Amino acid sequence: MIRDVLHSFTFKGKTSSVLISQSIPDLERLSAGYALSQSLVVCDTNTKKIAASIPGINHARLCVIRSGEDAKNWQSVEQILRAAAEAGIGRDGLFIGIGGGVVTDLTAFAAAIYMRGIAVRLVSTTVLGMVDASVGGKTGFDFLGIKNLVGAFHPADEIFMPLSVLETLPASEWKSGFAEILKTGILADPAIIDILQQYPINFDDPDFLSYTSKQEWLSDIIHRCVAAKGKIVESDPEETGTERTLLNLGHTYGHALEAVAGLGTVSHGEAVAWGIGRACALGELLGITPKERTMQIVNLLEKLGYCTTSRYPLSFWDPEKIIQAMYSDKKKQQGKLRFIIPAAEGAVIKTIDKSDIDLVLKTLG
Ligand SMILES: NC(=O)c1ccc[n+]([C@@H]2O[C@H](COP(=O)([O-])OP(=O)(O)OC[C@H]3O[C@@H](n4cnc5c(N)ncnc54)[C@H](O)[C@@H]3O)[C@@H](O)[C@H]2O)c1
Numbered sequence: 003m004i005r006d007v008l009h010s011f012t013f014k015g016k017t018s019s020v021l022i023s024q025s026i027p028d029l030e031r032l033s034a035g036y037a038l039s040q041s042l043v044v045c046d047t048n049t050k051k052i053a054a055s056i057p058g059i060n061h062a063r064l065c066v067i068r069s070g071e072d073a074k075n076w077q078s079v080e081q082i083l084r085a086a087a088e089a090g091i092g093r094d095g096l097f098i099g100i101g102g103g104v105v106t107d108l109t110a111f112a113a114a115i116y117m118r119g120i121a122v123r124l125v126s127t128t129v130l131g132m133v134d135a136s137v138g139g140k141t142g143f144d145f146l147g148i149k150n151l152v153g154a155f156h157p158a159d160e161i162f163m164p165l166s167v168l169e170t171l172p173a174s175e176w177k178s179g180f181a182e183i184l185k186t187g188i189l190a191d192p193a194i195i196d197i198l199q200q201y202p203i204n205f206d207d208p209d210f211l212s213y214t215s216k217q218e219w220l221s222d223i224i225h226r227c228v229a230a231k232g233k234i235v236e237s238d239p240e241e242t243g244t245e246r247t248l249l250n251l252g253h254t255y256g257h258a259l260e261a262v263a264g265l266g267t268v269s270h271g272e273a274v275a276w277g278i279g280r281a282c283a284l285g286e287l288l289g290i291t292p293k294e295r296t297m298q299i300v301n302l303l304e305k306l307g308y309c310t311t312s313r314y315p316l317s318f319w320d321p322e323k324i325i326q327a328m329y330s331d332k333k334k335q336q337g338k339l340r341f342i343i344p345a346a347e348g349a350v351i352k353t354i355d356k357s358d359i360d361l362v363l364k365t366l367g
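Mapping to the working numbering: the sequence shown position 356 is 358, numbers consecutive.
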């Protein structure tokens, strides 16, 4: 039996609550405090079924966007804005995004700019969305082939994480989400690493997927990730300090891989997982990551079935292209590449000058 867990965080004076539960609340609860005529529900072509199962949904205005990373673009934002304007949603209205990180990032971004900002609530329906994307107020879309190049900070006041919806999530998406779980364990909570080591995890086993969404250990992991991310974001809401930057562990490599492979070709989680392994390799070359720490992390990456080789198995492989993509990513600072490197405990931020780029090249095979 999964217990309901409620978290509450304050970002820049505004409260954001997260409810982890077994089942999905009805529309009255999701839109509590707002008129139904002023609420727009946004989902994608896959999460439409989840939206349709919500009691009372027939009273809501629905906007269905295309699913997948390649729909995380301005056209989808425009579709949401148009649906809101056509429905006559005013400044006192509410957008409710039901889906994974793509839907929640897009819905919250549209809410950030519609009438200079209206309220948003999120129902997170993927593992990745629950443990990372829906928490913390970062919103946006991909532009010119660069991940999240356009965005805003606009936190939801309520975020719902109904574990039962994960029963329909494809195995590849479970796998993608576990990369961000591992990331949080490395950065902030060793108990997560213990749980990942302790339980048999096999994304290829169809029973694993439906069985796991009813397990206390999954809700424990999600609750730990939400608590860790909430704490980090509370201390550095708009990534002006160093705390929130640490959440980019695996992302300098990961985003570059996603861009070089073509956005949507390698899942965000698989790319981040590969990036975590590469960050360990770079950390060893820099004398920051102890060998035993690399071994612990690589063993877990292998247990979860992620790529740990320096060359990612694409039909072509060009380390120079990965470096180029790193320089195009928005995570660079004053023209220097910035990496999050696992240390004996937690991780540290390291910037790399052009003169040291050979070290990065060495980690790419
Ligand atoms: N805002 C943040 O802080 C933050 C943090 C991490 C990642 N992100 C973003 O999140 C995105 C990735 O999120 P994601 O992995 O959830 O991808 P996603 O939203 O594309 O969802 C993955 C796929 O699963 C489908 N799906 C979603 N829920 C389902 C369910 N319950 N059953 C069946 N199918 C379902 C979706 O339609 C999609 O096809 C990326 O764009 C990334 O940049 C944002």
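C-beta: ideal position from N, C-alpha, C; glycine also.
All of these numbers come straight from a predicted model, not from anything done at the bench.
- Between ligand 1 and residue 14, a heavy atom-to-CB distance of less than 7 Å is absent.
- In the three-state DSSP reduction, residue 32 falls in the helix class (H, G or I).
- Residues of the same chain with a CB within less than 6 Å of the CB of residue 366, apart from the 5 flanking positions on each side, are 312, 321 and 324 in chain order.
- Distances taken from the Cβ of residue 107 to the heavy atoms of ligand 1 include one shorter than 7 Å.
- Between residue 43 and residue 115 the beta-carbon gap is near 18 Å, outside 8 Å, which marks them as no contact.
- In the structure shown, the three-state DSSP call for residue 9 is strand.
- C-alpha of residue 15 to C-alpha of residue 155: approximately 13 Å in a straight line.
- The way I'd put it, the region 167-178 does touch the region 269-286; three or more beta-carbon pairs between them come closer than 8 Å.
- Excluding sequence positions up to five before and after residue 63, its CB lies within less than 6 Å of the CB of 42 and 89, all in the same chain and listed in chain order.
- Cβ neighbours of residue 24 within its own chain (closer than 6 Å, five residues either side excluded): 4, 165 and 166.
- DSSP, reduced to helix, strand and coil, places residue 150 within a strand of the structure shown.
- Taking a cut-off of 8 Å for Cβ pairs, the region 97-113 and the region 122-135 touch, as three or more such pairs fall below it.
- Contact between the region 346-358 and the region 300-317 is absent: fewer than three C-beta pairs spanning the two stretches fall below 8 Å.
- With respect to the 8 Å criterion, residue 263 and residue 226 are not classified as neighbours on the basis of their beta carbons.
- With the rule of 3 Cβ pairs closer than 8 Å, the region 279-295 does not count as touching the region 214-221.
- For the 8 Å CB-CB criterion, residue 287 and residue 349 do not form a contact.
- Residue environment analysis places residue 142 among the buried positions, since at least 16 neighbouring C-beta atoms fall within 10 angstroms of its C-beta.
- For residue 21, the secondary structure class from DSSP, reduced to helix, strand or coil, is strand.
- Here residue 201 is exposed. Its C-beta has fewer than 16 other C-beta atoms within 10 Å.
- Nearest to residue 261 by alpha-carbon distance, out of 307, 146 and 195, is 146.
- With a beta-carbon spacing of about 17 Å, residue 232 and residue 122 fall beyond the 8 Å limit used to define contacts.
- In the structure shown, residue 4 falls within a coil segment according to DSSP collapsed to helix, strand and coil.
- Unbroken beta strand (DSSP E) stretches of 3 residues or longer found wholly inside the region 141-196: 148-155 and 160-164, given in chain order.
- With 16 or more other Cβ atoms inside 10 Å of its own Cβ, residue 149 counts as buried.
- Relative to the non-hydrogen atoms of ligand 1, the Cβ of residue 69 comes within a distance shorter than 7 Å of at least one.
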